[in-house]
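Residue numbers (this note's numbering), protein chains in the order written: chain A, 1 to 360; chain B, 1 to 360; chain C, 1 to 360; chain D, 1 to 360.
Heads up, the beta-carbon is just placed ideally off N, CA and C, and yes, glycines get one too.
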């Protein structure tokens, strides 16, 4: 089955644009789960699926990597960070980052008390000069938590994408500051497709030490890969994962998902579909008077400003999306691997009708 | 599809008896996962599958219960315990318990430092009189960790099953000691089928406050339900689960598994098949001279003593099982929902051939 | 011996104005320590000194209070906070607060991961409206840490003092937000003397639930009292203190210090001397051209702006103080219970000479 | 003033034999505290007293050591252990050890969840062969906590003393097992005097990596020194201590005590007095029919068996001691640096009268 078949079945247009986590999984992933169930397999990752995933990720990243599969992004992020900081360390992150706002303090607990220190910057991206400054505050002073690592989100929470030069600049700051660099790649594939670069370029070649390689938001049911480029982080990770309850006995369940995800470029195709839908939506919205698209649409998230009456009208029509959360009249639309051009056109048609003739 | 269809397909006999976690998932579960993937669904448990699982568990336990789905038994156990003890509490458990030996210290970390205090007893069961004594040591003394909860495993790690009277006796001790009672039910269904009682009788009616309702070992891919009978434990649990990285965005993935598991008694049928296979194996082994079956076979685990030459012969034939781990020549066989009578007969035939004419 | 005797002995003027922690202890405290050493006493707080301190603090605060003595302010603050928040809670504090900047993350560790959420405001004081807003963010959302308590520093880190009305306003916000209020009173006496109110008015009558009653900075060697107005916080505190290694076997050592501190108003006399010295210094500095006193001098800390040449000159003369840490040319002088008017005059004389004729 | 002066003043005999923590401090220590208070001093250990203590301890141990002063033994033990194990580590200790029984779980919290694994042995001493076995269980298995360090108490909780050969044997096991060795030396001086060896021989030369150098029980008010022989443990310790609230701003208060303690062999003289008193008591008790002294009296603790009637009689006479806690009729007497021969004779006289003519 290939992805072009998906739209063969006539179906109701997707009304949900709240997040890419409201979609199910790609058919290929479902099939892989089913296939993986046959027969007996060694538990806890001693199975062939897991071995294959490890090989594939090493190929994709063009080097040896250490891989630890977990079911959620919060687990991936927190486990990575816990290996990159002592309990008295500073984790530098953007104020709008997921680890700072949306994980109920998981990183603080996993690290046994490390501090999230926010470093601001345009477009939800950490400013390198600010990071450089932050990482020099009270170094060696026992009264203060100490510089340990930085975490960036690729694609960002605002839907933008760090360029390679931007990641390298942060990688350089980290190296010069003797701190490690983590990438929260919950939308890794969307960013990669957007940049058109290689996975290696977007990560270790630019200075990333550990990656939360996201898959759940992009066609997998519940599976993420911790990918370690800094081999010194690996020996402890097995204990950390087990101790957190994230070592699956039937690990093939996770690996089969990632295996399918990495096969025949499914991950890239899915990301492309989500990004294309977002581009289509962004362009469509930009063409409407009374609508202002905010920021660049780098991946699969669009922020725009809509009149209140339009927001209400869309909600009544059954569309789902976040609004008035960041600022009055600001709306966020998220597309996914399962969003079609028809879905977007349907939304655009409603927005067009909903926006008053003479704008806000 | 019913379970009797499974053996229609000619297949190689299962050689693995190391654990029930080497099996895949029941076909019904796979189908449910696939079906759950269609269309959009509210994330984080706001979906219909999760609501249905909550209703079903309330029906099964004949009362309102609070349900929190998680992917692993370690997560279920540790989250339950973390809600039942302060960081300076004692968690009473049997020396052979899974939480004590096989979770890499997860309970200590989840509880921010509570102490596993082992309380011995025959057949991997906590002795009520010993628990009564332990829960009276240094109560109120700030120099000592304090009685907080007890945790029992049903079925036990040795393959036995606590009788209702035994659970009630422990429930009474806990109540009299003002401590809570947790049940690690990673093989809950196997124990239930063995006792032939109701889920309510085996839990809250006997004094259990919180249950790790296992499913992974019995036909599900990776899903367990935290079931709380003590409603005071519930409000914090959502935060604890999220913070541990165990709140799935695509929760339907977990709920669909449990939903199928609870439909048309799949969970009980699976457990019965595993238990019946174990009984068949136990009887078969008991009839062989040179083989000694150890303890009662209550669920799906059998311990026996085999001659070394027989152990070697079985291993060479490709059988998988743990041996010489607890004691010289002691072997553990575990059956599962996918173990057939043919699988057992195949094993028994090999054992028969492998045991020397005149025993050990 | 009374405090007026201290200046009888001719001595070199104190050159250190870095902090009030560079002074030793009041003679009365030393004598009390020596006296407490005689004979045997029950350990762990079962002694008469501890009982007396508890009585005295109840009298001073005009109500029953629960008292736990500890040796440091970091311990007092962290223990208080750990009893006022779950691990997924928010602790609201000012960006410049000691708990946020100077305790190496102790509150995060003691609370097993709670989050310090900074709430800004003029003069190092939390703004009530901002606190009100902060305490309403994502309440009940499992993805977010939850409002739990606020912590204010009295006197503040900038040397100011919350007025009673300001504390009451914050107390009201806390009550309306169902969060608790902690006061870091490491300079409690300095603030009290400055306001001229009663200890009860400055704490529980204004809504404070728990107080770190500081003594170390004001004439004691190393002793602070956790004073709990919310009795529900008390039962756990004994375990928390012991577990943190802060329960002294020879507790009389701590209690004798606090006992002397509270006798014959030593604590108030000491604070008055420090405050008076600060006022004298502040007035003196304000009269010098080329010197700008920053903010009001409420307690025993003065911030001012000095020409670089003056700063260098003072350092060369042997004076100790922090400078250029908050902003270019900004200097902090801290007086203590042992700072005399002569000490201040000596400093002023040097500043006068060091400031260039025509200012900065 | 020397210690012989102490009995010049006629005084009532000491009645308390519950513990060595019911005594006050040596006069020399009190004087040092008073003297240290004069003038200003750099805070947080930047003072001359602390530097001197560090020098003295390096001399005493005949090598460079890293020293961190803290106020309690629980803090010293927990901080040492937290630097010697990851959160998933095993800390091997004797079932009767203080860290296992009397610190309210402090080591588990300080280590963020490490496991105290008890290893038995005669006379409250860890058996080397048992440690060797324990340290080989499930090494490298992610399901199990991992061998990290062992902790021994010198003198033991039963009043015995590890011989040099016994410590070396454990040191060898630790080295061979790649785990570290901690010594809880809360009665270090008593053990040292008993063995008549050098501090170096009793510690690092025998394989000890970190020492809790006790002083509080032996004439100091509240001060212990963490002494690190393994320099790799030092860099983190400053952060750990601060973060636990154990870094004193007026550090000279702690250092002055230890300084006096180490001056003119006060620590050894005090320990000798306590040990001699214990020997005198032990011999006296051994000579009474109806009294059975249990175990060897190696330091300043004596266990014996007394008739119930004698126990009651002693309690009525005002003597304090623990009894019937370990076993029926078993009594523990602890002497201290302030226990005189007269005190012991007074106790012995009462015991003699209290023991019935014909024994138990």
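Using the three-state DSSP reduction, which class does residue 361(A) fall into: helix, strand or coil? The question about residue 361(A) has no answer, for chain A in this structure spans 1 to 360.
Measuring only between beta-carbons, confirm whether residue 103(A) sits less than 8 Å from chain C. yes
As an exercise, report each continuous beta strand (DSSP E) stretch of at least 3 residues that is fully enclosed by the region 103 to 152 of chain D, in chain order. 115 to 118
In whole angstroms, what separates the C-alpha of residue 285(C) from that of residue 122(C)? 23 Å
Please go through the same chain and pick out, in chain order, the residues whose beta-carbon is closer than 6 Å to the beta-carbon of residue 77(C), but skip the five residues on each side of it. 99, 184, 212
For residue 153(D), decide whether its Cβ has a neighbour in chain C, counting only Cβ atoms nearer than 8 Å. no
Where residue 109(A) meets chain C, residues with beta-carbon distance less than 9 Å: 87, 88, 112, 113
Taking residue 71(B) as the reference, give the member of 14(B), 65(B), 40(B), 221(B) with the closest Cα. 221(B)
Quick one: what's got a C-beta closer than 6 Å to residue 110(B)'s C-beta in the same chain, skipping five residues either side? 78, 82
Find the residues of chain A that neighbour residue 144(C), judging by a C-beta separation of less than 8 Å, and give them in chain order. 101, 102, 104
Which residue comes first and which comes last in the alpha helix (DSSP H) that contains residue 187(D)? Run containing residue 187(D): none; DSSP gives neither H nor E here.
Taking the straight line between their C-alpha atoms, what separation do you get for residue 289(D) and residue 303(D)? 16 Å
8 Å Cβ cutoff met for residue 159(A) and residue 349(A): no
Could you check the C-alpha separation between residue 225(C) and residue 214(C) for me, to the nearest Å? 7 Å
Any C-beta of chain C within less than 8 Å: which residues of the region 236 to 268 of chain B qualify? 236, 238, 239, 240, 241, 242, 243, 247
Suppose you measure from the CA of residue 95(B) to the CA of residue 180(A); what does that come to, to the nearest Å? 41 Å
Please determine, among 208(A), 193(A), 312(A), 355(A), the residue with the shortest C-alpha to C-alpha distance to residue 297(A). 193(A)
Taking 8 Å as the CB-CB limit, is residue 40(C) close to chain D? yes
What residues in its chain sit with their C-beta under 8 Å from that of residue 377(C), if we drop five residues either side in the sequence? Outside the modelled stretch of chain C, which goes from 1 to 360, sits residue 377(C), for which no answer is possible.
Could you name the residues of chain A that residue 21(B) contacts, counting a contact when the two beta carbons are closer than 7 Å? 43, 249, 250
Is residue 318(A) closer than 8 Å to residue 116(A) when the C-beta atoms are compared? no
What are the boundary residues of the beta strand (DSSP E) that residue 68(D) is part of? 66 to 70
Can you check whether the C-beta of residue 16(B) is within less than 8 Å of a C-beta belonging to chain A? yes
What residue does the beta strand (DSSP E) around residue 93(A) start on, and which one ends it? 89 to 93
For residue 347(B) and residue 162(B), what's the separation of their Cα atoms in angstroms? 28 Å
With a threshold of 16 other CB atoms inside 10 Å of the CB of residue 4(D), please say whether the residue is buried or exposed. Any answer about residue 4(D) is weak, because its pLDDT of 41 lies below 50 and its placement is not dependable; what the coordinates show is given next. Its Cβ having fewer than 16 others within 10 Å, residue 4(D) is exposed.
Is it right to say residue 312(B) is buried, meaning 16 or more other beta carbons lie within 10 angstroms of its own, or is it exposed? exposed
Environment of residue 232(D) [buried if 16+ CB atoms lie within 10 Å]: exposed
Ordered list of beta strand (DSSP E) runs contained in the region 205 to 251 of chain C, each at least 3 residues: 210 to 213, 224 to 228
Do the region 128 to 147 of chain B and the region 129 to 140 of chain D meet, that is, are 3 or more Cβ pairs less than 8 Å apart? no
Considering only the beta carbon of each residue, do residue 171(A) and residue 206(A) sit closer than 8 Å? yes
Specify whether the region 237 to 251 of chain D and the region 55 to 71 of chain D touch according to this definition: at least 3 beta carbon pairs, one from each stretch, less than 8 Å apart. yes
Assess contact between the region 240 to 259 of chain B and the region 244 to 255 of chain A, defined as three or more Cβ pairs (one per stretch) separated by less than 8 Å. Is contact present? yes
Here's the rule I'm using: 16 or more other beta-carbon atoms within 10 Å means buried, otherwise exposed. How should residue 315(A) be labelled? exposed
Tell me where the alpha helix (DSSP H) around residue 293(D) begins and ends. Element bounds for residue 293(D): not the alpha helix (DSSP H) but the beta strand (DSSP E), 292 to 294.
Pick helix, strand or coil for residue 161(A), following the three-state DSSP scheme. coil
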